[in-house]
Amino acid sequence: MMTMNAQWQMLCGMAVLIGLSGCASDKTPATADVAVSRAQVAAATSAGAADLAPAEMQAAREKLMRANQALAAKDYKTAQDLATQASADAQLAQSKANSAKATTAADELQNNIRLLREEVQRANATSQQ
Amino acid sequence: MKKLVLLPTAFAMSVMFAACSTTPTTTSQLDQARGDFMAAQSNPSVAANAPLEFKAASDALDRANTAAAKKESLDEIDKLAYIAKQKIATAQEAAKAKQAEADVANAARQRDEIRLQARTAEANNAKAAADRAKADADAARMQAEAAANSARDEAAKNAALQQQLADLQAKQTERGIVITLSDVLFQVDRAELSAEGMRTAQKVADVLAQEPQSIVQVEGFTDSTGTSSHNLELSQRRAESVRNALIGLGVPSAKIATRGYGEAYPVASNSDAGSRQLNRRVEIVLSQNGAPIANRR
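Chains A and B, in that order, are what the protein sequence lines are. The working numbering puts the last residue of the first sequence at 343; the count rises by one with no breaks. The working numbering puts the last residue of the second sequence at 325; the count rises by one with no breaks.
Structure representation (structure tokens):
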């Protein structure tokens, strides 16, 4: 009987522990994910994504805002989901901004090269006359 | 009839059931993510230029596929598929950026190359220009030398001509150079030139050959002895005789005019034999530049 009782106690204790840890594991990662997604939105903003990938940036900001609201409402699952999506959106926005900038730079340089080439050809043509 | 109507209905029913039973759980979001992933997979630049992003996208899609295989809720599958889709797009963009950066580096190299080419071309052009200038200078120098040579030749020729004219005792007058062939060069009362006269004619022909522009007028004169008509005729014949001699020596006939003046324009008094001899003469008037010879006044 004693052993039975002790077993029950242990089971109950474990259940409480698991329940608590479940609570803790829901709250802590959600908070962390929201923080990560906030940092990612900030990084994308400083990469110029607001101009270069406005749709993705808008989605990221909106989801981050909703994630914060869910966090405040202790809806950790929704907060985590939204934070993960906001992170993905922000990363895409930053990636798009970077590729747009690099592409512009490459195009500009190509244009410069074309002009330079034309100039060289013109110079050669005139000096050979 | 009834059987024929039932057959397609049964077929449609079986297809519907088959679809139901074999299709695994999926969502349009997941299908789209799978399509995007295949596109990224078939673009070799993505795996090469954005391996980390591609791996993350692949893992995200795996999670979504696993959720679908476990028949989790459509909402959960959609969420995971959305994440996968965004990560695939991120990988594509990262690859594009990397490619553009490589293009920039390549373009910078190209630009340097073109600049080098331009400088090389410039140097080559400058060298070619210098070569051309040197060639021009050489040509000019040679031309100047040739000109100097021909001027020297001209001067020598001129000197020789002056010498020949001096030999002929030519006198420069306003009508041109006048060469006088005296009476001794003709037999008395005859028009034929003596041997001495022929030698003088030869010298005149030489001068004319060297002066292609020149023309001459041969003028005959006599003393006052005899009738004036005879003298006129004799002077004309002597002038003609000199003309013929010159033609015989190769002077073109068009360049020689003749004129007989008879006893007009004496150079001495006709009062003694010596003076009369001076009056019996032929004068050759030479126009060096081809200008017409004015008649005597």
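All C-beta atoms, glycine included, are put in the ideal place defined by N, C-alpha and C. Model, not experiment: these values are computed from the prediction.
Starting from residue i, follow the alpha helix (DSSP H) in both directions and report where the run begins and ends.
i	result
Ser73 of chain B	72 to 77
Arg324 of chain B	Here Arg324 of chain B belongs to no alpha helix (DSSP H), and DSSP marks it neither H nor E.
Ala281 of chain A	268 to 286
Let's see if you can read the secondary structure: which residues bound the beta strand (DSSP E) around residue i?
i	result
Ser315 of chain B	309 to 315
Ala326 of chain B	The requested residue 326 of chain B is not part of the displayed model; chain B covers only 29 to 325.
Give the DSSP-derived three-state secondary structure of residue i in the structure shown.
i	result
Gly225 of chain B	helix
Gln200 of chain B	strand
Gln241 of chain B	coil
Thr55 of chain B	coil
Arg218 of chain B	coil
Asn186 of chain B	helix
Ser178 of chain B	helix
Ala151 of chain B	helix
Tyr293 of chain B	coil
Ala261 of chain A	coil
Gly302 of chain B	helix
Thr255 of chain B	coil
Asp195 of chain B	helix
Asp165 of chain A	Residue 165 of chain A is absent from the structure shown; chain A starts at 215 and stops at 343.
Gly233 of chain A	Its pLDDT being 47, under 50, Gly233 of chain A is placed unreliably by the model, and the measurement read from it follows with that caveat. The answer is helix: DSSP assigns Gly233 of chain A an H, G or I state.
Tell me the DSSP bridge mates of residue i?
i	result
Gly276 of chain B	Looking at the DSSP assignment, Gly276 of chain B forms no beta bridge with any residue, so it has no partner.
Leu209 of chain B	B:Val310
Glu247 of chain B	B:Arg287, B:Glu311
- [ ] Pick out the complete alpha helix (DSSP H) segments inside the segment 58 to 135 of chain B, 4 residues or longer, and give them in chain order.
- [x] 72 to 77, 79 to 97, all fully within the segment 58 to 135 of chain B.
Open item on the list: Count Cβ pairs between the segment 241 to 255 of chain B and the segment 220 to 231 of chain B that sit closer than 8 Å; are there 3 or more?
Closed with: Contact between the segment 241 to 255 of chain B and the segment 220 to 231 of chain B is absent: fewer than three C-beta pairs spanning the two stretches fall below 8 Å.
Task: Touching by the beta-carbon criterion (3+ pairs, under 8 Å), the segment 303 to 312 of chain A and the segment 254 to 263 of chain A - done: Pairwise C-beta distances place the segment 303 to 312 of chain A in contact with the segment 254 to 263 of chain A, as three or more of them are shorter than 8 Å.
Task: the segment 184 to 191 of chain B contacting the segment 55 to 64 of chain B, beta-carbon criterion three pairs below 8 Å - done: no
Open item on the list: I want to know whether the segment 81 to 97 of chain B touches the segment 277 to 297 of chain A - three or more CB-CB distances under 8 Å.
Closed with: no
Open item on the list: Contact between the segment 127 to 141 of chain B and the segment 314 to 329 of chain A is defined here as three or more beta-carbon pairs at a separation below 8 Å; is this criterion met?
Closed with: yes
TODO: For the segment 289 to 303 of chain B and the segment 248 to 268 of chain B, state whether three or more C-beta atom pairs, one from each stretch, are separated by less than 8 Å.
DONE: Output reads yes: the segment 248 to 268 of chain B touches the segment 289 to 303 of chain B.
Open item on the list: Any contact between the segment 266 to 281 of chain B and the segment 141 to 161 of chain B? By contact I mean 3 or more CB pairs, one from each, below 8 Å.
Closed with: no
Task: Contact between the segment 79 to 93 of chain B and the segment 269 to 279 of chain A (3+ Cβ pairs under 8 Å) - done: In short, these stretches do not touch, since the Cβ pair count stays below three.
Open item on the list: Pairs of beta-carbons, one from the segment 228 to 241 of chain B and one from the segment 192 to 206 of chain B, closer than 8 Å: are there three or more?
Closed with: Put simply, the segment 228 to 241 of chain B touches the segment 192 to 206 of chain B. At least three CB pairs are less than 8 Å apart.
Task: Touching by the beta-carbon criterion (3+ pairs, under 8 Å), the segment 109 to 123 of chain B and the segment 289 to 308 of chain A - done: A contact between stretches requires three or more CB pairs, one per stretch, nearer than 8 Å, and the segment 109 to 123 of chain B meets this requirement with the segment 289 to 308 of chain A.
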